[in-house]
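Visitor: Residue numbers (my numbering): -3 to 407. Note that CB positions come from ideal geometry on N, CA and C, so glycine has one too. Predicted model only: the values in this text are computed from it and were never measured.
(1) Answer with buried or exposed for residue 228, where buried requires no fewer than 16 other C-beta atoms within 10 angstroms of its C-beta.
(2) Should residue 71 and residue 111 be called a contact, given that it needs their Cβ atoms to be closer than 8 Å?
(3) Excluding sequence positions up to five away, which residues of its chain have a Cβ less than 6 Å from the Cβ of residue 357?
(4) Secondary structure at residue 189, three-state DSSP: helix, strand or coil?
(5) Classify residue 82 as buried or exposed, calling it buried when 16 or more other Cβ atoms lie within 10 Å of its own Cβ.
(6) Let me know the secondary structure DSSP gives residue 46 once reduced to three states.
(7) Count the other CB atoms within 10 Å of the CB of residue 301; is the residue buried (16 or more) or exposed (fewer)?
(8) Using 8 Å as the threshold, is the stretch 6 to 21 in touch with the stretch 309 to 327, meaning 3 or more CB pairs across them?
(9) According to the Cβ coordinates, are residue 280 and residue 129 closer than 8 Å?
(10) With a CB to CB cut of under 6 Å and the five nearest residues on each side skipped, what residues in its chain are close to residue 48?
(11) Got a sec? Which residues, its chain only, sit under 6 Å from residue 147 by beta carbon, not counting five neighbours each side?
(12) With burial defined as no fewer than 16 other Cβ atoms inside 10 Å of the residue's Cβ, what is the status of residue 166: buried or exposed?
(13) Do the stretch 111 to 127 and the stretch 60 to 68 meet, that is, are 3 or more Cβ pairs less than 8 Å apart?
(14) How would you call residue 7, buried or exposed, if buried means at least 16 neighbouring beta carbons within 10 angstroms?
(15) Could you work out which residue in 215, 54, 13 is closest to residue 141 when comparing CA atoms only?
(16) Within this structure, are the beta carbons of residue 69 and residue 171 separated by less than 8 Å?
(17) What do you reckon, are the CB atoms on residue 225 and residue 264 nearer than 8 Å?
(18) Assign residue 51 to one of three DSSP states: helix, strand, or coil.
(19) Quick one: using the 10 Å Cβ neighbour count with 16 as the cut-off for buried, is residue 178 buried or exposed?
(20) Nearest to residue 87 by CA position, among 139, 220, 55, 164, is which residue?
(21) Determine the direct distance from the alpha carbon of residue 287 to that of residue 138, and round the result to whole angstroms.
(22) Taking its Cβ as the centre, do 16 or more other Cβ atoms sit within 10 Å of residue 355, making it buried, or is it exposed?
(23) Measure the C-alpha to C-alpha separation of residue 5 and residue 120 and round it to an integer number of angstroms.
(24) Whole angstroms are fine: how far does the CA of residue 73 sit from the CA of residue 10?
(25) Only counting runs of 4 or more residues, tell me where the alpha helix (DSSP H) segments fall wholly within the stretch 303 to 329, in order along the chain.
(26) Just mark residue 92 as buried or exposed, buried being the case when its beta carbon has 16 or more other beta carbons within 10 Å.
(27) Find out if the Cβ-Cβ distance for the pair residue 106, residue 55 is shorter than 8 Å.
(28) Can you give me the Cβ contacts of residue 267 inside the same chain, cut-off strictly under 6 Å, excluding the 5 residues immediately before and after it?
(29) Taking the alpha carbon of residue 124 as the point to measure from, which residue in 291, 388, 2 has its own alpha carbon closest?
(30) What distance in whole Å lies between the Cβ atoms of residue 285 and residue 175, which are believed to be in contact at a cut-off of 8 Å?
(31) Determine the contact status of residue 184 and residue 122, defining contact as a CB-CB distance below 8 Å.
(32) Just how far apart, CA to CA, sit residue 424 and residue 181?
(33) If distances are taken between C-alpha atoms only, which option among 308, 387, 282 comes closest to residue 294?
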């Protein structure tokens, strides 16, 4: 028992560092420019769609794999897949190689999705520290976004010397994540231990939580916020390139994009410092709706103007995530059983990625197949997203009034 408790304490202590390594995405500031320069703008969009499709295809199976084979094994597999993806993207050279790399990168994201949070929650529960879940989620969020900030500016800078170097650095980060994952101790399962061949019962357990009105509301909000968080990510780099056209920084779009991404993450980390107090003051549903409204508003600013001044609004892109994702995860974890926790979270990610992939596919159909992405194309896509987002926001406000969503209320 003492050894198990020691293992759980070690899990809790090193978990933020695993998230830190996950956050070392050195290519985040240059990936669109990298693909666009080698291929075309429409190919760059399709390659991101392939990443999302790869993640989507494995989201639920990877969650089931985590629930069945264990958190530690699944996180190790995630890091290994990420390393293979980074190497393929660094080699590049053709659409097919890039596509395989993006598919592997999607697999890596799917394998980690839900499993990392499940490992944290189950470790806290086994250590008798379950009440810390909200604080520990916010702490891990800060580690992750500090890594994103550091890797964004570093990636943008090193890409000036060699375009593929950010992917090589990312491969090294995945190796570090694998080393940390190997140190995890598998947390004990407090749920039902299904016998071999009884997998359908696991999904029956999942079906029971999908009927909870509170979980349904949080589920819908989560998939919408996933899409609206990633729309500025997908189109932010060509937007920056367009906004800098004709200025002295026109040839430094990759470096500027890296600096913007770094500031974006630091704004998010700063917001997380007072987010718990804001959550207590406003209540969970009001805080989450405020975060969603900020995402729609950011798309509105980018659709209104391509001025360089609008680049400053991209600094706020991840602020809504820091006001929502740690609190959503902390709210839903106690409502899920151990035997279906990762599967449910993966299903939530699956739907969000599916919605975003569909949006990207539609965007690629209305984008020029050659050269850089024009601002007119970006504005057209954002306009449709804003309209759909406003309608969904209204529906969420109306339904939130009928539900008891705050953490201290039983569902």
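Guide: In short, the structure shows the following:
(1) buried
(2) yes
(3) 45
(4) Unreliable placement is indicated for residue 189, whose pLDDT of 44 sits below 50; no coordinate value is reported for it.
(5) buried
(6) helix
(7) exposed
(8) no
(9) no
(10) 349, 352, 353
(11) 20, 21, 22
(12) buried
(13) yes
(14) buried
(15) 13
(16) no
(17) no
(18) helix
(19) exposed
(20) 164
(21) 17 Å
(22) buried
(23) 8 Å
(24) 18 Å
(25) 315 to 318, 321 to 328
(26) exposed
(27) yes
(28) 315, 318
(29) 2
(30) Incorrect: roughly 40 Å between the Cβ atoms, too far for contact.
(31) yes
(32) The requested residue 424 does not occur in the structure, where the chain is confined to residues -3 to 407.
(33) 308
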